[in-house]
Every structure is written in C-alpha cells, then in structure tokens.
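Structure, as structure tokens:
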Amino acid sequence: MHESTTLDELDHLLVTALQTAPRADWRRVGAALGVDASTAARRWARLTGAGLAWQSCVPLVFEGVDPVVAFIEVDCASGHLHEVAAALVEDAHVFNLEHLTGGRDLLLTAGFRDQAELARYVGFRLGRLPGVAATRTQIATALHAEGSRWRLERLDERQRGLLAGDRPAAGGGRPVTEDDRELLRHLSEDCRLPVAALAERTGLSATAVRRRLARLDAAGALLYRCEVARQRSGWPVAVHLWGSAPPGEAARVAALLAGLRETRLCASLSGADNVLCTVWLRSVGQVQAFETALARRFPQFTVSDRAVTLWPMKMAGHLLDPEGRRLRNVPFWGWDDPSGEAELGALLGRLRTGPTAP
19 MHESTTLDEL DHLLVTALQT APRADWRRVG AALGVDASTA ARRWARLTGA
69 GLAWQSCVPL VFEGVDPVVA FIEVDCASGH LHEVAAALVE DAHVFNLEHL
119 TGGRDLLLTA GFRDQAELAR YVGFRLGRLP GVAATRTQIA TALHAEGSRW
169 RLERLDERQR GLLAGDRPAA GGGRPVTEDD RELLRHLSED CRLPVAALAE
219 RTGLSATAVR RRLARLDAAG ALLYRCEVAR QRSGWPVAVH LWGSAPPGEA
269 ARVAALLAGL RETRLCASLS GADNVLCTVW LRSVGQVQAF ETALARRFPQ
319 FTVSDRAVTL WPMKMAGHLL DPEGRRLRNV PFWGWDDPSG EAELGALLGR
369 LRTGPTAP
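In this text, residue positions in the sequence shown follow my numbering: the first is 19, and each later residue adds one.
And the structure:
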C-alpha cells in the first residue's frame with residue numbers, strides 16, 4: 019500500500035532548505051525550520067529511506083573540459099523499451115533518462131567530453147544496442163536553467179538568510195580530475211557525508227578532503243541537487259516543450275522562459291527547434307492552459323512539439339521507480355567504452371585504405 023501522495027509542510031520546508039544549502043549542518047537547518055537538529059535529521063532519514071527525497075552531487079567540468087550536453091531521442095522496437103532503458107540507465111554519463119509520450123520513446127540527457135565522443139556514443143553504443151530502432155540528437159548550445167535552481171519555495175526571507183553562505187563564491191581553481199573520482203562517487207551517493215566519513219571511505223586525510231572540496235567549490239566544478247519524488251511534490255506532471263524563436267530572439271526568449279516558476283530546464287538547441295523547455299505542472303489539465311499562457315506572453319516562441327514524462331527512469335544519476343521514488347544511484351562520470359573505441363579504429367582503418375578491390 020502506497021504512502022500519502024503528498025509531503026507535509028515540514029517535509030517541504032526541509033527539502034527547500036537542502037535545495038538552498040546542500041551541506042548545511044543539521045543544527046543550522048533546524049534553526050531555519052524552527053525544529054531541533056535531531057528532528058531535522060530524523061525527518062530527512064525518513065524521507066530518504068522511503069525514496070521520497072534525495073541529494074546528488076555531479077561534476078560540471080571534466081579534466082578542464084566543459085562537457086557537451088546532448089538530448090538524444092531514442093525510438094525502440096516494439097516490446098524492447100524497458101530492455102533498452104535498463105541498459106542505458108547504467109551509462110555513467112547519462113544524466114536523465116525518461117519514458118515519454120509522443121514521437122519518441124526515450125529521451126536521454128547526457129554529457130560528453132566533445133562532439134567526437136558524442137558521435138561515437140550514438141554510432142557505436144546506441145547503434146549496436148539491440149532494440150534501438152532509431153535515434154535523433156540535438157546539442158545544447160546553451161543551458162539557461164537546470165534542475166539545481168528549482169525550489170519548492172517554502173522558505174521565507176529570514177529562513178533563507180539563516181541558510182545563506184553554505185557554499186563559497188565560484189572563483190579560480192583546478193576542476194574535477196580523475197583523482198577526484200572516488201570522492202565524487204561517495205558524494206553522489208550522499209552529498210551530506212561529513213568530512214571525517216569521506217576521509218574514511220576514500221582513504222584520504224580529513225585535511226586532504228577539506229582541501230579538495232574547497233578547491234572544487236571554488237572552481238564551481240560541482241553541482242549539488244536536492245530532489246523530491248515528483249508525484250509527492252505537488253508538481254506531478256513534467257512536460258517537455260520543443261519550439262523555435264527567430265535566431266535573433268532565441269537567447270532572450272530562452273532566458274525569459276528560464277525565469278518561469280514552472281521551468282526545470284531551458285536550453286538553446288542546435289536544430290530547427292532551437293529551444294527546449296521542461297516544466298513541472300500541478301496537473302495534466304494545466305498543460306494546454308500553460309501553453310496558451312506561454313503563447314500570449316512569448317509570441318516570438320512557437321511550440322512545435324510537446325511530450326509528457328510517463329516514467330522519469332533516471333534523474334541526475336539516480337534511478338527511480340514509476341512513482342518517481344529513488345531506487346539507487348549510478349555515479350555520474352564521463353563515458354568510457356573500449357569496444358566502441360575498437361570499432362572506431364576498425365572503421366577509420368577502412369576509411370584510410372578505401373574499399374578493397376574484388
């Protein structure tokens with residue numbers, strides 16, 4: 019039997035607090051919410067134990083390279099959708115994977131070191147995966163909003179002030195490297211782990227852990243998120259809107275769309291549909307009304323396609339059940355596929371030598 023379909027007010031406040039200050043200690047969180055530290059910690063343990071809320075931490079920069087973010091639509095052969103999805107959710111560089119309505123079965127949001135790596139993934143990983151019938155790929159030319167900025171918005175100004183200053187302002191510093199991978203693996207599982215626990219699990223000294231965290235935060239190299247099971251959040255419907263705006267207006271329109279309360283993601287795209295906007299709504303009945311209001315407010319933006327998420331199978335590296343509850347995480351990292359590299363080498367060899375004479 020399922021639990022209540024909504025979170026109570028303290029749950030909403032707690033999630034908002036951890037969206038605002040991901041690593042704030044329980045004493046500070048409790049002070050902001052008007053409860054003691056043990057109550058805040060106990061309530062969070064209940065939410066995470068039930069898979070109703072969780073935190074994640076992912077690298078924004080790999081080895082000094084800003085990743086290429088791609089949206090890949092996947093069509094599956096009849097009866098193979100779940101088989102394909104179960105394989106792809108294990109790919110460490112796949113950030114989100116969603117089963118959608120409309121003209122595509124799956125939508126992947128994934129990060130790559132460069133466009134050549136994206137081409138290898140689509141051509142060799144997806145191209146040889148049984149059950150994949152077709153793919154279509156778009157590159158995000160700019161990200162105007164993403165999920166870490168979205169809030170349940172239950173805190174007042176005083177409460178936000180008590181939580182302010184959790185993270186240092188971004189500045190210089192060396193971004194994420196392979197040496198940070200083990201630390202990031204534990205943070206991706208629980209970004210609230212204290213320094214002492216991180217030191218014990220990684221084999222580093224506490225001083226080294228503090229220094230690495232300070233360096234990564236100073237470089238703006240880590241993305242912290244606090245998520246809530248969408249079905250229990252009060253915003254149970256996720257809608258993706260693809261559309262276009264005149265080239266001279268696209269960046270401005272996308273920036274305005276990014277500022278809407280409902281917007282979870284807004285990206286400029288490389289294709290004919292040059293904007294993708296993902297919103298969370300209160301009900302399916304609001305979809306048409308939201309799009310109508312969008313047309314009135316942004317007449318330069320023409321929606322060409324829309325899809326509703328049926329199952330958010332992976333969100334920010336965490337695997338979810340059909341109700342949006344967390345099952346486990348796959349630590350986010352770059353794509354590595356030796357067999358794909360071997361196939362690429364063989365293809366390049368054929369391209370160098372040309373066709374073999376009969």
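Glycine is no exception: its CB is placed at the ideal position from the N, C-alpha and C atoms.
As the structure is a computational prediction, the values presented were derived from the model and not from experiment.
- Burial check for glutamine 177: the Cβ neighbour count within 10 Å reaches 16 or more, so the residue is buried.
- In chain order, Asn347 place their CB closer than 7 Å to the CB of glutamate 207, counting only its own chain and leaving out the 5 sequence neighbours on each side.
- The distance from the Cβ of aspartate 29 to that of leucine 65 is about 6 Å, consistent with a contact at the 8 Å cut-off.
- The beta-carbon separation of tryptophan 298 and histidine 117, rounded to 17 Å, does not stay under the 8 Å limit for a contact.
- Annotation note: the stretch 79-165 contains the following uninterrupted beta strand (DSSP E) runs of length 3 or greater, listed N- to C-terminal: 86-94, 112-118, 124-130 and 150-163.
- Per DSSP, valine 194 is not a residue of any beta strand (DSSP E), being assigned neither H nor E.
- Considering only Leu201, Leu51 and Leu259, the residue with the shortest C-alpha distance to leucine 234 is Leu201.
- Taking 7 Å as the cut-off, the Cβ atoms of glutamine 249 and glutamate 171 do not count as close.
- Taking arginine 344 as reference, the option from Ala334, Val53 and Phe350 with the minimal CA-CA separation is Ala334.
- By a beta-carbon distance limit of 8 Å, phenylalanine 308 does not contact valine 271. Their separation comes to about 16 Å.
- Spatial neighbours of threonine 57 in its own chain (CB-CB distance under 8 Å, excluding positions within 5 residues in sequence) are listed in chain order as Gly48.
- For the pair glycine 261 and alanine 226, the Cα-to-Cα distance works out to about 47 Å.
- The residue from Leu365, Leu32 and Leu338 with its alpha-carbon nearest to that of aspartate 174 is Leu32.
- A residue is called buried when at least 16 other Cβ atoms come within 10 angstroms of its Cβ; serine 357 does not meet this threshold and is exposed.
- In the structure shown, aspartate 323 adopts extended strand secondary structure according to DSSP, grouped into three states.
- Shortest Cα-Cα distance from leucine 362 to any of Ala134, Gly97 and Ser96 involves Ala134.
- For alanine 232, the enclosing alpha helix (DSSP H) has its first and last residue at 224-236.
- Contact between alanine 103 and methionine 331 holds, since their C-beta atoms are separated by about 5 Å, short of 8 Å.
- Here the alpha carbon of arginine 45 sits roughly 21 Å from the alpha carbon of leucine 231.
- Distances from the alpha-carbon of leucine 180 to those of Arg370, Ala290 and Ala42 put Ala42 closest.
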